[in-house]
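Right, one structure below, let's go through it.
In the working numbering, the protein residues as written are 1100 to 1454.
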């Protein structure tokens, strides 16, 4: 929310669109597909919004169906490949979030050269986990690694200990945990308690700022992961320093999380497009967004021609011990950066787009 609010504030303070100010209307989709579609229709038909930004999870897809039918520009922040499938896509979709192919692929391209040759995956059996597993497998095998097993689990598991003996018996170099939210936190906590960290390396394709903040260093210690943004890059990336300063000014000095940054970009992009096009008409916004190159908070980005996926960098990180931290929210050490490149995404052809 604060990232989106900052984008609106900056747009209005700069004079808006010829003096016309922007307004942020907030609706809670509760990560529910039906609720997302209902709120999107309400915003479009009752509130007459000019674009929709922000959701992830199941709601990202249901909102996408609504905007496709209604012709409203849309900038979701889901970590998804399937939202870009040609069957899901419309010209109004500009996916600001990362994709599993880019995120898990960046992790694989880092860990395999570091010695991870025999790899086990522990994967949540739903679309997020499946896509992360597929993205990691593709990149790892291209690097010469072997995926010796992919152990699946349902959502909401409270006890992973029955799976750990099977993993230990396989004697992998690396365990990649393809799940999210509470599932990831529980799996990592129990893996530490069970002693897996003494036998193998652990990694997660997506490491989230707020999860690390809540669960602490001990849970995430020595776990490798990827993140779309970390505020600590401000010393070397001018746009990060500018974004961080603006965010701190409206957050009582707190630093922005990765998803705060995505919320900021998902709102700022269509606002910048409106200024450039001098219009809020949907087709004018689509035309301008399609060719925009931008750097709001992490370095250069642009939307790929075929599917309007944001092409962006990925950071490989590990948790930073509290005694090494500069502030309470100095949570990560950046190990490497994979710069923005189209060839890090699923190909347009594999998504169903023709030349």
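We put the beta carbon where it would ideally sit given N, CA and C, even for glycine.
Nearest neighbour of residue 1145 by Cα position, chosen from 1159, 1126, 1156 and 1133, turns out to be 1126. Between residue 1196 and residue 1176, the gap from beta carbon to beta carbon is short of 7 Å.
Taking C-beta atoms as the reference points, residue 1314 and residue 1284 count as a pair closer than 7 Å. When secondary structure is reduced to three states using DSSP, residue 1220 falls in the strand class. With a beta-carbon spacing of about 13 Å, residue 1242 and residue 1217 fall beyond the 8 Å limit used to define contacts. For residue 1131, the three-state secondary structure derived from DSSP is coil. By the beta-carbon neighbour count (other beta carbons within 10 angstroms, threshold 16), residue 1435 is exposed.
Unbroken alpha helix (DSSP H) stretches of 4 residues or longer found wholly inside the region 1304-1349: 1308-1314, 1316-1319 and 1337-1349, given in chain order. Looking at 1359, 1403 and 1447, the one whose alpha-carbon comes closest to that of residue 1103 is 1359. Around the beta carbon of residue 1334, fewer than 16 other beta carbons lie within 10 angstroms, which makes this residue exposed. Residue 1184 carries a coil assignment under DSSP once its states are collapsed to helix, strand and coil.
The Cβ atoms of residue 1250 and residue 1221 sit closer than 7 Å to each other. Taking residue 1169 as reference, the option from 1185, 1181 and 1151 with the minimal CA-CA separation is 1151. Comparing alpha carbon positions, the residue from 1240, 1419 and 1342 closest to residue 1367 is 1342.
A straight line joining the alpha-carbon of residue 1394 with that of residue 1266 spans about 42 Å. Residue pairing by DSSP places residue 1417 opposite 1323 and 1432 in a beta bridge.
Residue 1309 sits exposed, since fewer than 16 C-beta atoms from the chains shown fall within 10 Å of its C-beta.
Look at the region 1116-1169 and you find these whole runs of alpha helix (DSSP H), each 4 residues long or longer: 1132-1140 and 1157-1169. Taking the Cα of residue 1404 as reference, the smallest distance to any Cα among 1183, 1137 and 1142 is reached at 1183. Under the DSSP assignment, residue 1422 falls outside any alpha helix (DSSP H); it carries neither an H nor an E label.
Taking a C-beta distance under 7 Å as the contact criterion, residue 1437 and residue 1203 do not qualify as a contact pair. As computed with DSSP, residue 1174 is found in a beta bridge with 1152.
Residue 1275: member of the beta strand (DSSP E) spanning 1273-1277, first to last residue.
Under the 8 Å Cβ criterion, the region 1111-1128 does not count as touching the region 1383-1403, having fewer than three qualifying pairs. Excluding residues up to 5 positions away in sequence, 1195, 1395 and 1396 lie with their Cβ nearer than 7 Å to the Cβ of residue 1364 in the same chain. In summary, residue 1133 is exposed, with fewer than 16 beta-carbon neighbours lying within 10 Å of its beta-carbon over all protein chains present. Cβ neighbours of residue 1332 within its own chain (closer than 6 Å, five residues either side excluded): 1339. Comparing alpha carbon positions, the residue from 1273, 1362, 1321 and 1226 closest to residue 1299 is 1273.
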